[in-house]
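*Asks:* As they're listed, the protein sequences go chains A and B.
Be aware that the first sequence starts at 33, since it is given in the working numbering, and climbs by one per residue.
Be aware that the second sequence starts at 2, since it is given in the working numbering, and climbs by one per residue.
The beta-carbon is built from N, C-alpha and C at its ideal position, and this holds for glycine as well.
Before I ask anything, let me first share the structure, which is written out below as structure tokens.
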Amino acid sequence: MAAREDLASADIATYLAEQEQKTLLRFITCGSVDDGKSTLIGRLLFDSKLIYEDQLAAVERDSKVAGTQGEKVDLALLVDGLAAEREQGITIDVAYRFFSTDRRKFIVADTPGHEQYTRNMATGASTADVAVLLIDARNGVQAQTRRHAYITSLLGIRHVVVAVNKMDLVDFAQSRFDEISREFDELAGHLEFASATSIPVSALDGDNVTARSTRMPWYEGPALLGYLEEVDVSPQELAAFRMPVQWVNRPNHEFRGFCGTIAAGTVARGDAVIAMPSGRRSTVDRIVSFAGDLDRAVSGQAVTLTLADEIDVSRGDVLCSGDDPAEQSDQFAAHIVWMHAKPLLPGRQYRFKTDNQTVLGSVTDLKYKVDVNSFAKQAGKTLELNDIGVANIALAKPVVFAPYRDNRRLGSFIIIDRQSNETVGAGMLDFSLRRAANVVWQELEIGKAQRAAQKHQRP
Amino acid sequence: MTQLTHLDRLEAESIHIMREVVAECDKPVMLYSVGKDSSVMLRLALKAFHPARPPFPLLHVDTTWKFREMIEFRDRMAGQYGLDLIVHINEEGVAEGIGPISHGSAVHTDVMKTQALKQALDRYGFDAAFGGARRDEDKSRAKERVFSFRSAQHRWDPKNQRPELWSIYNTRVARGESMRVFPMSNWTELDIWQYIHRENIEIPSLYFAARRPVVERDGVLIMVDDERLPLEKGERPQERMVRFRTLGCYPLTGAIESEATTLLEIIRETLVTTSSERQGRVIDSDVGASMEQKKQEGYF
């Protein structure tokens, strides 16, 4: 922070203008306590100077009592949260950490490696763009690496980076690093990543964490932080417009705005849209915002749209690009992660909550369970806590969706127990079990003039 | 495609959360504490529901020991945006004469803040209450959900939290149970300041350095905001250039010496600061895991 103290007030305006252009990257760290995961996150926070002096003083104090690093400050204690965890010496839940560089702001989902790993990892991975998998250089790819990679891939993370940690304990040997990278690449070949990158690090001493290490001159790639600053996770440019309607804003009889967060594509004034599942068509009249109307809005923005025609649209509907509507269905094949001690009961009614509505439904047929260590399919009649399975589900009414691998927002759901109201599971839609699910049969209700307009013909 | 900045994405997430509460909960309320985080939260609510006014009231739990300027600022904001403001004071506490000086910070905070909040939520039957807390404020907050379930007794059970995936929030509660909802969970202190700057959001002038009468108690600078602060023998308030990093009950809120009289200067100071935000709050330094304990008991 010393350098920052020189910032004169006049420079602050410039500095802020730059800072306000930063992008956001969310990543998850996977690994066990023994892999040095907390130390790695502590190191990222510490080296990016986001540890305040009073926090550091507390950690120095704690290091003497509970630390595992002798005279060194135990950076893992920086991220060791709840009192209950400190007593047990393990992380029991997902914790979120924040740090930033001049290029990006980072949100880290820190998940435990042992206890409840599937439930917690799935939770942390659900909002992450990138996964950092820790491997102990002495042990190489283990069963837990396989399950971390599998869950990461299942939750739709496209970019995975392997931090081969504790390189200091294998004499910074390139041969050992190469061996582990090859092992991991072989594993990643079975999964659906867009990229898999390996980086040799020593979290304890900071080698290749925030700066390139001089102790591994044979390694020519970026340090972990450099990778995280560079990796491209921007949404697909050409995806068709999708906006799940979250809430209808009706302050008076003159105004009816459809509020939602754009799940894909872009929208501009005058764009033709179709409301699914009704199939009713209109065009975007205004994109309303507090600071004045917008001409255009993009994926990720929370907006309010008004339409040129008075068509019936409500929460649960999805506004789609007029020439490319989303599919709808009430029967699906889906991957399900079970998150509760009471097992899944096929046939029992649960509430299924999607991005913008809650529908009753049930699991009609559990096809198989997945062994997250071997990726093997296993027969099963139920899913227990932390099990992952593939099942058919039937909902009480059709919902508008996209396969999860194409769109996380439109392909995800949680399962809520009707009696206890607890979240008992989470799922990812694979495909509809009905044919031609995006046929808009209500098309017949469209008048001659509208039809002609769509087709650029004269009636 | 236009790249959204980190502030754009944080803003969109917060708006999504607020709309979800309004779409799903019966009787939401926004806890408004007058500070900079509340100011940002209020702006986000104005944006989320524009052109409608936020479809829920603001609730301010007044401990009767807030800085005078906070009360003026609160009433002015409510008037300016035409908001429905509920002010709740624990009258039983007032009748018993509970205060931070006579009873100490722990008792005062419990009776006038924690108990008062529970009273207000019960009296009006709110089933969801927005709070401006951030995960970066405190270790125990780092694990709190955006939608944080509270039992009918308002207790938080850190070991039994609902898993929270994607941006799909389980808002369901049984009668008497409620949700505390934190739309700004993923913001940091620096994000808050950057957003105040970008959006030109008005905040109380207590955040800006000015000459104010203070006394030094155990190394903490306490502003003499009214005549209720007893002075020790021979103790005299001194005029010093100070400002506040957080706002609360004035006898429990430490000032810092500062020359920062503009927003840019505050941000500059925030960037180079060496002590974390809550250090100025007297209540946090009681015990190691005190925030976690207070939250289990119903503190926001």
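When we look at the beta-carbon of Ser185/A and count the other beta-carbons within 10 Å, is it buried (16 or more) or exposed?
*Replies:* On the first sequence, position 153 is the one that residue 185/A refers to. Ser185/A should be labelled buried.
*Asks:* Measure from the alpha carbon of Glu190/B to the alpha carbon of each residue in Ser141/B, Glu233/B, Ala134/B, Arg212/B, then state which is nearest.
*Replies:* The residue labelled residue 190/B in the question sits at position 189 within the second sequence. The option with the nearest alpha carbon to Glu190/B is Ala134/B.
*Asks:* Whose Cβ in chain A lies nearer than 7 Å to the Cβ of Arg10/B?
*Replies:* What you label residue 10/B is simply residue 9 of the second sequence in a count that begins at 1. By Cβ distance, chain A contributes Leu56, Gly332.
*Asks:* Three-state secondary structure (DSSP) at Met31/B?
*Replies:* Your numbering for residue 31/B matches position 30 in the second sequence. If DSSP states are grouped into helix, strand and coil, Met31/B belongs with the strands.
*Asks:* In the DSSP assignment, find the beta strand (DSSP E) that holds Glu276/A and state where it starts and stops.
*Replies:* Looking up residue 276/A in the first sequence gives position 244. The amino acid occupying residue 276/A in the given sequence is Pro; Glu does not appear at that position. First-last of the beta strand (DSSP E) with Pro276/A: 274–276.
*Asks:* By DSSP, does Arg124/B sit in helix, in strand, or in coil?
*Replies:* Working through the second sequence from its first residue, we reach residue 124/B at position 123. Helix at Arg124/B.
*Asks:* Specify the secondary structure class of Met371/A as computed by DSSP and reduced to three states.
*Replies:* Numbered from its first residue, the first sequence carries residue 371/A at position 339. The answer is coil: DSSP assigns Met371/A none of H, G, I, E or B.
*Asks:* Could one say the Cβ of Asn197/A lies closer than 8 Å to chain B's Cβ atoms, at least one of them?
*Replies:* Translated into positions along the first sequence, residue 197/A becomes position 165. By this cut-off, Asn197/A is not an interface position.
*Asks:* Please classify Arg136/B: does DSSP put it in a helix, a strand, or coil?
*Replies:* The residue labelled residue 136/B in the question sits at position 135 within the second sequence. Correct three-state label for Arg136/B: helix.
*Asks:* What's the C-alpha gap between Val263/A and Glu178/B?
*Replies:* In the first sequence, the residue the question calls residue 263/A occupies position 231. In the second sequence, the residue the question calls residue 178/B occupies position 177. Distance between the alpha carbons of Val263/A and Glu178/B is about 43 Å.
*Asks:* At which residue ranges does the stretch 135–216 of chain A contain complete alpha helix (DSSP H) runs of 4 or more residues, listed in the order of the chain?
*Replies:* You should have 149–158, 175–186.
*Asks:* Taking Val164/A as the reference, give the member of Ala175/A, Gln360/A, Thr143/A with the closest Cα.
*Replies:* Translated into the one-based positions of the first sequence, residue 164/A becomes position 132. Of the candidates Ala175/A, Gln360/A, Thr143/A, the one whose C-alpha sits nearest the C-alpha of Val164/A is Thr143/A.
*Asks:* So the beta strand (DSSP E) Gln239/B belongs to, where does it begin and stop?
*Replies:* Along the second sequence, one-based indexing puts residue 239/B at 238. 239–244 is the extent of the beta strand (DSSP E) around Gln239/B.
*Asks:* So, for Ala116/A: in the same chain, excluding its five sequence neighbours on each side, which residues have a beta-carbon less than 6 Å away from its beta-carbon?
*Replies:* As a working mapping, residue 116/A is identified with position 84 in the first sequence. Note that Ala116/A has pLDDT 49, beneath the 50 cutoff, so the model's placement of it is unreliable and no number is given.
*Asks:* Tell me the rounded alpha-carbon separation between Gly302/A and Arg54/B.
*Replies:* Position 270 of the first sequence, counted from the start, is the residue given in the question as residue 302/A. Position 53 of the second sequence, counted from the start, is the residue given in the question as residue 54/B. Whole-angstrom Cα-Cα distance: 27 Å.
*Asks:* Tell me, please, whether the stretch 352–369 of chain A touches the stretch 420–429 of chain A by the rule of three or more beta-carbon pairs shorter than 8 Å.
*Replies:* Counting Cβ pairs under 8 Å, three or more are found: they touch.
*Asks:* Distance cutoff 8 Å, beta carbons only. Does Lys234/B sit that close to anything in chain A?
*Replies:* Residue 234/B sits at position 233 when you count from the first residue of the second sequence. It does not: the Cβ of Lys234/B has no partner Cβ on chain A nearer than 8 Å.
*Asks:* Please report whether the beta-carbon of Lys409/A lies at a distance below 8 Å from any beta-carbon of chain B.
*Replies:* Residue mapping note: residue 409/A aligns to position 377 of the first sequence, counting from 1. It does not; no Cβ of chain B falls within 8 Å.
*Asks:* Could you name the residues that DSSP lists as bridge partners for Tyr128/A?
*Replies:* Indexing the first sequence from 1 puts residue 128/A at position 96. Paired residue(s): Ala141/A.
*Asks:* Got a sec? Which residues, its chain only, sit under 8 Å from Ala45/A by beta carbon, not counting five neighbours each side?
*Replies:* Translated into positions along the first sequence, residue 45/A becomes position 13. Nothing meets the Cβ criterion.
*Asks:* Provide the residue(s) that pair with Ile420/A in DSSP beta bridges, ordered along the chain.
*Replies:* In the first sequence, the residue the question calls residue 420/A occupies position 388. BP columns for Ile420/A point to Val369/A.
*Asks:* Say whether chain B places a C-beta atom closer than 8 Å to the C-beta of Ser185/A.
*Replies:* Residue 185/A sits at position 153 when you count from the first residue of the first sequence. Not closer than 8 Å to any Cβ of chain B, the Cβ of Ser185/A fails to qualify, so no.
*Asks:* To the nearest angstrom, how far is the alpha carbon of Glu359/A from that of Pro309/A?
*Replies:* Here residue 359/A is taken as the residue at index 327 of the first sequence, counted from 1. Here residue 309/A is taken as the residue at index 277 of the first sequence, counted from 1. Cα to Cα, the separation comes out at about 8 Å.
*Asks:* Just checking: is the beta-carbon of Asn201/B within a distance shorter than 8 Å of some beta-carbon in chain A?
*Replies:* For the purposes of this step, residue 201/B is identified with residue 200 of the second sequence, where counting begins at 1. So, not an interface residue.
*Asks:* Would you please verify whether the beta carbon of Gln51/A is less than 8 Å from any beta carbon of chain B?
*Replies:* For this step, residue 51/A is matched to residue 19 along the first sequence. Yes - at least one Cβ of chain B is within 8 Å of the one on Gln51/A.
*Asks:* Can you confirm whether Gln495/A, when its beta carbon is compared against all beta carbons of chain B, has any partner nearer than 8 Å?
*Replies:* This structure cannot speak to residue 495/A, because chain A is shown only from 33 to 491.
*Asks:* Quick check on the DSSP output: the alpha helix (DSSP H) that includes Phe50/B runs from which residue to which?
*Replies:* Translated into positions along the second sequence, residue 50/B becomes position 49. From DSSP, the alpha helix (DSSP H) with Phe50/B extends over 37–50.
*Asks:* Looking at the C-beta of Glu240/B, does it have a partner C-beta in chain A at a distance below 8 Å?
*Replies:* Stepping through the second sequence from its first residue, residue 240/B is reached at position 239. It does not: the Cβ of Glu240/B has no partner Cβ on chain A nearer than 8 Å.
*Asks:* Below 8 Å between beta carbons: does that hold for Lys429/A and Gly412/A?
*Replies:* For the purposes of this step, residue 429/A is taken as the residue at position 397 of the first sequence. For the purposes of this step, residue 412/A is taken as the residue at position 380 of the first sequence. Contact flag unset, no.
*Asks:* Alpha carbon to alpha carbon, what distance is there between Glu454/A and Leu32/B?
*Replies:* As a working note, residue 32/B is residue 31 in the second sequence. As a working note, residue 454/A is residue 422 in the first sequence. Spanning the two alpha carbons is a distance of roughly 25 Å.
*Asks:* Can you give me the C-alpha to C-alpha distance between Thr123/A and Met78/B, rounded to a whole angstrom?
*Replies:* In the first sequence, residue 123/A corresponds to position 91, counting from 1. In the second sequence, residue 78/B corresponds to position 77, counting from 1. Its pLDDT being 48, under 50, Thr123/A is placed unreliably in this model, and the coordinates cannot settle the point.
*Asks:* Are the beta-carbon atoms belonging to Asn171/B and Arg181/B less than 8 Å from one another?
*Replies:* Mapped onto the second sequence, residue 171/B falls at position 170. Mapped onto the second sequence, residue 181/B falls at position 180. It is not a contact, given that the beta carbons lie outside the stated cut-off.
*Asks:* Which stretch, first to last residue, makes up the alpha helix (DSSP H) that contains Val241/A?
*Replies:* If you number the first sequence from 1, residue 241/A lands on position 209. It is not in any alpha helix (DSSP H) - Val241/A carries neither H nor E in the DSSP assignment.
*Asks:* Assuming Ile202/B contacts Val41/B under a Cβ cut-off of 8 Å, what Cβ separation, rounded to an integer in Å, is found between them?
*Replies:* Numbered from 1 along the second sequence, position 201 holds the residue referred to as residue 202/B. Numbered from 1 along the second sequence, position 40 holds the residue referred to as residue 41/B. The pair is a contact, with the Cβ atoms about 6 Å apart (cut-off 8 Å).
*Asks:* Since Asp397/A is in the alpha helix (DSSP H), which residue starts that stretch and which ends it?
*Replies:* Stepping through the first sequence from its first residue, residue 397/A is reached at position 365. Unbroken run through Asp397/A is the beta strand (DSSP E), 390–402; no alpha helix (DSSP H).
*Asks:* Anything in chain A within Cβ reach of Ile193/B, meaning under 8 Å, just list it in chain order.
*Replies:* Taking the first residue of the second sequence as 1, we reach residue 193/B at position 192. None at all; the shortest Cβ gap to chain A is about 12 Å.
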